[in-house]
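Asker: I have a structure I would like to understand better, so I am pasting it below and will then ask my questions one at a time.
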């Protein structure tokens, strides 16, 4: 599938860049964010977005099994909130961590860790870089890569 | 109804302004934001807020009918998240796009596109301007005015 | 209980600081934020976070009784959104106001005013200072300390 997303540098000051990343129908948000972060070599940033999706995959971290359980959302939803960060993962590549709140037709809400977000018709993402990098390291207890300072 | 909202420029650097817009009981948030954006000639900004409402109107975009369906929230709710942006609409005026997550008395959540938000007792909004303008154009497929870069 | 949270100044420009505050298992977020804000003498800031909790206490403001009603969340949840602000309270000390959206195992969402958030395994908080202070004063009608400009 060809990627249709557009991005634009809105502002740069003191080495701190702000981007708008505008996704369109059929873009998958996590893949677009990863490609964007790798191309722009982003080592530390905050991400926020609103928009709508034709389907999504949320996840819940089960502390007993130390694994994410998938929650399939197989219908059109509003993205009421999408908040996350970009850090440098243990492999040296950008690691994207995003959580989302989704609104259904009746107004009821779903929330969780975001694994896939298939856009329709738009997702308006703002990425605010921090000059200092954020680094992730493997946490022995949870088995997850977590930000460490 | 007389508007009681207050706003204050918190910071300005490199042509990028940050405002606090504090709403009070009986203010309607979407109208206050529109008046504020027109008066300050805001052409690109991010909006975040928390607070509480005595009632609200959310909406869900139906991709079949290409129209928003209203979801009336006729009781007091917490505003757990309000995230959005201000862009320049096809008519040259500020276009406000906001999504919200609302919390009910029992803690259950509602989420969607925000059409009306009647404040009680407060809504604390932070508006962060981007020096570059964001522009909206009509998207033929959805019929909506969407940000284009 | 010993506090294990780490924080780091990511950026400072024009007297505006951005911090990452990374909490770990058994940290309580509201107490850590209060200690952090007092130590760094923060008089105005925005707060955002994502992560997960082993338990939490949300609250809903009842306008009739002018009191918060507690909503106990006694199980592991994702923090899909945590948004808030730090202002100077009527007592001259930092006053932290945070709302949160929590995601349960089945993806359903809870939302409200945040009173307690017991972290597991991480909560990644970004604190963005505003150079202008935000001040709170007692609102006679609601009985709450609200931001005034």
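Protein chains in written order, with our numbering: chain A, 51 to 199; chain B, 51 to 199; chain C, 51 to 199. Virtual Cβ for every residue (Gly too), placed ideally from N, Cα, C.
Short of 6 Å in beta carbon distance, which residues of its chain neighbour residue 101(B), apart from the five on each side in sequence? Order them along the chain.
Answerer: So the qualifying residues of the chain are 129, 172, 173 and 174.
Asker: Exposed or buried, what is residue 51(A) when buried is set at 16 or more other beta-carbons lying within 10 Å of its beta-carbon?
Answerer: Residue confidence is low: residue 51(A) scores 46 on pLDDT, short of 50, so the model does not pin down where it sits. No coordinate-derived value is stated.
Asker: Along chain E, in chain order, which residues have C-beta atoms closer than 9 Å to that of residue 80(A)?
Answerer: This model lacks chain E altogether, as its protein chains are A, B and C.
Asker: Sorted by chain position, which residues of the same chain lie with C-beta nearer than 6 Å to residue 161(C)'s C-beta, five sequence neighbours on each side aside?
Answerer: Same-chain partners within the cutoff: 151.
Asker: Along the alpha helix (DSSP H) that carries residue 143(B), what are the first and last residues, could you check?
Answerer: Run containing residue 143(B): none; DSSP gives neither H nor E here.
Asker: Beta carbons nearer than 8 Å to chain A: which residues of the segment 111-144 of chain B have them?
Answerer: Within the segment 111-144 of chain B, the qualifying residues are 111, 112, 113, 119, 121, 123, 131, 133, 134 and 135.
Asker: Helix, strand or coil: how does DSSP classify residue 51(B) here?
Answerer: The predicted model places residue 51(B) with a pLDDT of 46, which falls under 50 and marks its position as unreliable; any figure quoted below should be read in that light. Reduced to three states, the DSSP call for residue 51(B) is coil.
Asker: How would you label residue 115(C), buried or exposed, when you count the other beta carbons within 10 angstroms and need 16 or more for buried?
Answerer: Per the 10 Å Cβ criterion, exposed.
Asker: Output the distance between the C-alpha atoms of residue 164(C) and residue 141(A), rounded to the nearest integer angstrom.
Answerer: Whole-angstrom Cα-Cα distance: 35 Å.
Asker: Among the candidates 198(A), 156(A), 154(A) and 137(A), whose CA atom is the shortest distance from the CA of residue 177(A)?
Answerer: When only C-alpha atoms are compared, the closest one is 137(A).
Asker: Based on DSSP bridge pairs, tell me the residues matched to residue 158(B).
Answerer: In DSSP, residue 158(B) forms a bridge with 160(C).
Asker: Run down chain A in chain order and give the residues with a C-beta less than 8 Å from the C-beta of residue 157(C).
Answerer: In chain order: 108, 110, 121, 123, 160, 161 and 162.
Asker: Secondary structure at residue 85(A), three-state DSSP: helix, strand or coil?
Answerer: Here residue 85(A) sits in helix by DSSP.
Asker: List the residues of chain A whose Cβ lies closer than 8 Å to the Cβ of residue 194(B), in chain order.
Answerer: Under the 8 Å cutoff, chain A gives 171 and 172.
Asker: Could you tell me whether the Cβ of residue 71(A) comes closer than 8 Å to any Cβ of chain C?
Answerer: No, residue 71(A) does not count as interfacial toward chain C.
Asker: Name the DSSP beta bridge partners of residue 137(B), please?
Answerer: Residue 137(B) pairs with 145(B).
Asker: Determine the burial state of residue 89(C): buried for a count of at least 16 other Cβ atoms within 10 Å of its Cβ, exposed for fewer.
Answerer: Looking at its Cβ environment, which holds fewer than 16 other Cβ atoms inside 10 Å, residue 89(C) is exposed.
Asker: Locate the beta strand (DSSP E) running through residue 197(A), then write down its first and last residues.
Answerer: 195-198 is the extent of the beta strand (DSSP E) around residue 197(A).
Asker: Within the same chain, show all residues whose beta-carbon is closer than 7 Å to that of residue 153(B), passing over the 5 residues directly before and after it, in chain order.
Answerer: Same-chain partners within the cutoff: 127, 128, 130 and 159.
Asker: Comparing C-alpha positions only, which one of 119(B), 96(B) and 99(B) sits nearest to residue 107(B)?
Answerer: Closest by alpha carbon: 119(B).
Asker: Measuring only between beta-carbons, confirm whether residue 184(C) sits less than 8 Å from chain B.
Answerer: Cβ-Cβ to chain B under 8 Å: yes for residue 184(C).
Asker: Going along chain C in order, which residues have a C-beta closer than 8 Å to the C-beta of residue 58(B)?
Answerer: Result: 182 and 199.
Asker: Quick one: measure Cβ to Cβ for residue 77(C) and residue 199(A), integer angstroms, because I've assumed they're closer than 8 Å.
Answerer: Not really, about 14 Å apart at Cβ, beyond 8 Å.
Asker: Starting from residue 183(C), follow the beta strand (DSSP E) in both directions and report where the run begins and ends.
Answerer: Element bounds for residue 183(C): n/a, residue is neither H nor E.
Asker: With a CB to CB cut of under 7 Å and the five nearest residues on each side skipped, what residues in its chain are close to residue 104(B)?
Answerer: So the qualifying residues of the chain are 126, 168 and 170.
Asker: Rounded to a whole number of angstroms, what is the C-alpha to C-alpha distance between residue 74(B) and residue 188(A)?
Answerer: Whole-angstrom Cα-Cα distance: 46 Å.
Asker: Please decide whether residue 179(C) counts as near chain A, where near means a Cβ-Cβ distance under 8 Å.
Answerer: Cβ-Cβ to chain A under 8 Å: no for residue 179(C).
Asker: Nearest to residue 149(B) by CA position, among 184(B), 98(B) and 196(B), is which residue?
Answerer: Selected option, being the one with the closest Cα: 98(B).
Asker: Compare the Cα-Cα distances from residue 197(C) to each of 156(C), 146(C) and 112(C) and report the closest residue.
Answerer: The shortest C-alpha separation from residue 197(C) is found at 146(C).
Asker: Does the beta-carbon of residue 179(B) have 16 or more other beta-carbons within 10 angstroms, so that it is buried, or is it exposed?
Answerer: Burial call: buried.
Asker: If residue 205(C) sits next to residue 84(C), beta carbons under 8 Å apart, how far is it from one beta carbon to the other, in whole angstroms?
Answerer: Because residue 205(C) is not part of the residues shown, which for chain C are 51 to 199, the question remains open.
Asker: Identify whether residue 66(B) lies in helix, strand or coil by the three-state DSSP scheme.
Answerer: Of the three classes helix, strand and coil, the one that applies to residue 66(B) here is strand, per DSSP.
Asker: Does the CB of residue 51(C) have a neighbour CB from chain A at under 8 Å?
Answerer: In this prediction, residue 51(C) has a pLDDT of 46, which is less than 50 and means its spatial position is unreliable; nothing more can be read from the coordinates.
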